[in-house]
Every structure is written in structure tokens, then in C-alpha cells.
């Protein structure tokens, strides 16, 4: 659907009305909230919870919020939590079984979720998760139930961060697909407007109830201009041409060992990654031994147990674990699923306590 | 252990009793634990002590006197499975901080008649003297991990006690990293999970109660603390807490420059 046909304008003052409409339509709303020095993805009841006039400064291993005085709503990029936190919960019950063999399955969660403020990289990440968890031979029922009713209100990144490299991964900074409504925040000379690009019926339902005027040609050309500017602001680059083959050729490169001197194997990169989907299962038994539960819980290829097979763990060294992760993101994922496992959001760089940078490391390994 | 009620014994060495109290703190489950296990020896709870052998021995505290050494050896003989509980029993605990000092000199200042004090030169984890079948970490141990251990013992399965980092739990909880967002030094990346990332949840760095995780890169984290502006002495003191005498943390001073 062409952009011009379905673009509306909403005064930023009416942002609260948008949240109100989402709630009226029965959505549980997740959006950006300031907490503990970062902007996180959390439940939203009213627009007052959405931060205004904040920017983030992200560097390898560092994240700081700074105030800005222009009252912009979306003057920052992605925080530590991707939509994975909501759509693929960190821990959930798979089933309970009684000693007599009777099995109880938990009721699937049927709530309708609306995400407000998702960035283009995260939409791409959801596309990748869909492919793995919905379109493969085994459908993940928990993800499917949460994903089914979800509404995505994206926000175009007009001020990308230092660790963003979405232009390299062809995933941003402006959303191309995967959303219901996409907002571009226009702010100049005291004129504060959201341009809403609506491409689905679900999105149209929201905008119709909200009541918006059409966007003007000037506003639409401002959006295009911002998109070009945003692309040019992204300085971090990963040349993905031949990267898979280059990495395969360098499995024994000495730089892997150098990385492992710094890598903590703490698992932070995998848990903040919007596409890392690995889980493990564990069983609980009651003291009375008449009931057992099986739970699914996030896991990480940085844990030793992750590669445990009969006789021990395959990846004992931190070097082999880091190499496994980076190779999966940029090489083996391509063979497995036909896309990269990296969307260039930069979270793994920011939230690594020692600031290990996937872009720099991949470039060094390629030689 | 299906078929008969396993006999359990709980012992204390140099420690604060907090881990034993964590057992008593399992209030909702305590009656059932009493039914499923025969609590044969647990001096913190009852003077009624039944003789061994026992199926399971839970040991709190570190070994710090010659008498402790003899006692732990005889306990090992009495218990089919020996499980150490808490930072003292698994890493030496806070009293192991004396391992870096001169004990004789301490004794002179603290006791009127130091010649009556019989102590070992070092306070050590139980595993330095006898074979230990399983370790439950923490200061004190986490009650849910304790319950998992007891349930697993009854079912004859391996307890589900992850050995990965505190960061894993912290991120699963949805916390914002205190080190990345606030520059607060946090031991979480090198410390074993199990506490539910309590300290970072309250915006402070991990103290390290649960001791080293499965593959701690102490050198890298210690170096990053220096980068955050700490001096070498403070970095060493950060690691020298509840589990400072653990094998992986005790060498930290040799790992950082400056």
C-alpha cells in the first residue's frame, strides 16, 4: 500500500488519545517507560508514563539518559528490552502431570497486546522470530498466542544511536514493513506532530476511531527528508557482503582468543538480543512426589549446560562459546533460516558489561 | 530414595546459623518436609538427636579449628550424601577474610587468654577436607533452591540449580544493568545465579554471595572496574567479600595491573 494513500497527522498533544483508543479497543499496551536510568518496555496505562524530553547516549558497555528541552517523545533509540520480553516470556509453564498420569496444560494467554514505539530493527526481529517459532515444523504455542492478537505501532528513528548499524543489516532506521501503524515524529518551530502511516486493517481501526486529518504534502516530504538524514547519521558499518563465507574461513583466527580474554560469558548479549530465541526446559517435582511440572526458561549459548551432551559440554572454553554466538548471528543463521540473526539494533554492544562490539570483532576476524 | 523416609542431619561449623534458619524459614513446606524426611539431627531446631548413619547431611559453616577437621571427617562417614549449604561451607565465608591476616596477632587483641584459642591458620570450605556431593551457594542460601534440593533428593533426580551468571537472572527479571546504565561495579557477571539478582534489583552492584559462576572471567571484570574509575585496592576489596576465599576470587590481586 502506498504511503501517500494512508498517511494521517496527529498533534502530539493528542498522543494520550491514541493510548486511550488502544485501551478502549481492549489492548494491553506496552510502551517506553523510564526506569532505573534507562527507557524500558513496560505496561502503560496513560500517556503520562511515556517519557518526554529524554535522549540516550549509548556506547559499548555504557548507556546514559540525558535531558533535552524540546519535549520530543522519541528522542532515543532502543533500550535493554526488545519485544521478546513480552512475546517470548523468560519463563513459563509447559504442563503439569500427576502421578496417575493426568496431564494439565496451562490455558494459552489470549490477551491482545499493543506495542507502542517499536523501532524498525525490532519489527525485523519479530519477522525473524515468526519464521522460526511460527513457520517452522514446530509451532511455539505460547509465542503464537501472544503474537496473534498483537498490534505494532512503530516509530521511525530520526536520531539513531552510536551503536546502531541497521543500515548495514538493511533493517532501518525507518520501518518498511511488519507494523500496523508507523509514527514519524515531526518537531519544528513549536509544531509537534505525529505522522501516522497505516498499512493494515487493525491499524486503520485505531486511526478511524482516533479521528485524524490527512497528512499534508509538506509533512510527507519532511518525513522523507528525515529518513535520508537518519540514514546518514548512522556511522557504524558492517559490510555484510560475503560475511558468511569470510567468517567460515576464519574459524581458527587468533582474534577469537583475544575476544575471550574480555568476554565474561555472562550471557547478557543473548538475553538483550531481540532474535536470540534459545530456551531450556526443567522439571520441578513436589515434595509429595505426586505432581511434576515442566517449565520452559530462557537459556544462552554462553552457559556451559547449553552444550551439554552425554559425556560433558562441547563448548568448555569461553572462546568457543563467543565464536558459536557470533557465527550463529552472522553466518550459520543464514544457512539455517535464510536471514541474518542480527538486526543491527546494537543492544549486545551497549549491554555488554565490558563493551564487546560485534561489529568490530566480526571485522577483525575477517582479517 | 523412594520407598523409605530418608534420614537427614543438619550440621553447623563456623557460621552465623542463617542457612540453617533458611530451612526453618520454609514455613509453608516445613510440615511436609517433616513428613517426607526423618529429621534425625538438627541441633538448631531440637536437642533430640538420633544416631547415624544418615542419608543426607546438610553442612553449614567453614572449617576453622582442628576439632572441626576431625568432626567433618566423621560426619562424612556418617552421611551417604553430603551437601554443603551457604557461602561459609562452600567458600570459607566472611571469616575466611582472616586468611589474609596473621591469626595469632588477631587473637592477642581479641582474647584475654589467647593461649586457650585453638584455631587453624585458615578458615576453609568443607570441600578442602572431605568430598562434597553437592554445593548450595548463597549468604544465606535461597529458600527456593533449598526446596528444590530437598525435592530433588526425594525424587532421586539432579537438582535444577543453574551455575550460570547472576546476569542471566537479572535480565530475565527485566532489570536495567546497574553497571552499564549507572557505572556501578557489579560482580554479577562472574557470580553464580540463585539469589534472583536481589542487589541489582535494588540498584546496587552484586556482592558475590553466591560465589564464582561456572566460568568466571575475573580478570576481565576486575579490569573493567579499574576502567570505571576504581583503584586497585578497592577492586580487590570488592572481590573479597562473602566468597573472597573461593579459588577463583582469591587470586584477583594477581590478575589486575596497577
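Chains as they are written, first to last, in our numbering: chain A, 1 to 367; chain B, 1001 to 1258.
Positions of the beta carbon are idealized from the N, C-alpha and C atoms, including for glycine.
Item                                                                                                                                                                                              : Value
Return no unless some Cβ of chain B is closer than 9 Å to the Cβ of residue 279 of chain A.                                                                                                       : no
Given residue 284 of chain A, which residues of its chain have a CB within under 6 Å of its CB, disregarding the five upstream and five downstream residues?                                      : 293
Less than 9 Å between CB atoms is the rule here; does residue 63 of chain A satisfy it with respect to chain B?                                                                                   : yes
Between residue 1160 of chain B and chain A, is the shortest Cβ-Cβ distance under 9 Å, so that the two count as touching?                                                                         : yes
Can you confirm whether residue 353 of chain A, when its beta carbon is compared against all beta carbons of chain B, has any partner nearer than 9 Å?                                            : yes
Mind listing, in chain order, the continuous alpha helix (DSSP H) runs of no fewer than 4 residues lying wholly within the stretch 87-154 of chain A?                                             : 120-133 and 141-148
Can you check whether the C-beta of residue 1186 of chain B is within less than 9 Å of a C-beta belonging to chain A?                                                                             : yes
Smallest Cα separation from residue 181 of chain A: which of A:81, A:367, A:9 and A:358?                                                                                                          : A:9
Would you give the residue range spanned by the alpha helix (DSSP H) that residue 1018 of chain B belongs to?                                                                                     : 1018-1024
Could you check where the beta strand (DSSP E) with residue 336 of chain A kicks off and where it finishes?                                                                                       : Unbroken run through residue 336 of chain A is the alpha helix (DSSP H), 333-337; no beta strand (DSSP E).
Within 8 Å, do at least three Cβ pairs link the stretch 171-187 of chain A to the stretch 46-65 of chain A?                                                                                       : no
Decide if residue 328 of chain A is buried, meaning its Cβ has at least 16 other Cβ atoms within 10 Å, or exposed.                                                                                : buried
Can you pull out the residues from the stretch 1234-1256 of chain B whose beta carbon lies closer than 8 Å to at least one beta carbon of chain A?                                                : none
Return yes when at least one heavy atom of the ligand GTP lies under 8 Å from the C-beta of residue 149 of chain A, else no.                                                                      : For the structure depicted, the ligand GTP is absent and the ligand set is empty, with no information on it obtainable.
Find the residues of chain A that neighbour residue 1036 of chain B, judging by a C-beta separation of less than 9 Å, and give them in chain order.                                               : 287, 288 and 289
Counting only Cβ pairs nearer than 7 Å, list the residues of chain A close to residue 1182 of chain B.                                                                                            : 37
Taking C-alpha atoms, which residue in A:354, A:147 and A:221 lies nearest to residue 131 of chain A?                                                                                             : A:147
Taking only beta-carbon atoms, is residue 323 of chain A less than 9 Å away from chain B?                                                                                                         : no
Could you list which residues in chain A have their beta carbon closer than 8 Å to that of residue 1006 of chain B, in chain order?                                                               : Within chain A, no residue comes near residue 1006 of chain B; the closest Cβ sits about 12 Å away, beyond 8 Å.
Does DSSP put residue 1193 of chain B in a helix, a strand or coil?                                                                                                                               : coil
Which residue's Cα is closest to the Cα of residue 367 of chain A: A:280, A:246 and A:339?                                                                                                        : A:246
Is the beta carbon of residue 301 of chain A sitting closer than 9 Å to the one on residue 352 of chain A?                                                                                        : no
So with Cβ pairs under 9 Å, would you call residue 265 of chain A a contact of chain B?                                                                                                           : yes
Kindly say whether residue 1039 of chain B, judged by its beta-carbon, lies nearer than 9 Å to any beta-carbon of chain D.                                                                        : No chain D is part of this structure, whose protein chains are labelled A and B.
Suppose only complete runs of 3+ residues qualify. What are the beta strand (DSSP E) ranges in the stretch 1033-1118 of chain B, listed by chain order?                                           : 1038-1042, 1054-1060 and 1079-1085
Inspect the CB distances between the stretch 1127-1136 of chain B and the stretch 259-275 of chain A and report whether three or more fall short of 8 Å.                                          : no
At a CB-CB cut-off below 7 Å, which residues of chain A make contact with residue 1155 of chain B?                                                                                                : 285 and 289
If you count every other CB in all the chains shown that lies within 10 Å of the CB of residue 1101 of chain B, and 16 or more means buried, which is it?                                         : exposed
Do the stretch 1147-1158 of chain B and the stretch 1200-1207 of chain B make contact, defined as three or more Cβ pairs closer than 8 Å?                                                         : no
How many whole angstroms separate the CB atoms of residue 344 of chain A and residue 82 of chain A, which I take to be in contact at a CB cut-off of 8 Å?                                         : Incorrect: roughly 13 Å between the Cβ atoms, too far for contact.
Suppose contacts are defined by Cβ-Cβ distances below 9 Å. Is residue 1069 of chain B in contact with residue 1144 of chain B by that definition?                                                 : no
According to DSSP, which residues form a beta bridge with residue 235 of chain A?                                                                                                                 : Looking at the DSSP assignment, residue 235 of chain A forms no beta bridge with any residue, so it has no partner.
Taking 9 Å as the CB-CB cut-off, is residue 1059 of chain B touching chain A?                                                                                                                     : no
State the start and end residues of the unbroken alpha helix (DSSP H) segment that holds residue 1238 of chain B.                                                                                 : 1232-1239
Assess contact between the stretch 1090-1110 of chain B and the stretch 1238-1258 of chain B, defined as three or more Cβ pairs (one per stretch) separated by less than 8 Å. Is contact present? : yes
What separation, rounded to the nearest whole angstrom, lies between the Cα atoms of residue 22 of chain A and residue 170 of chain A?                                                            : 30 Å
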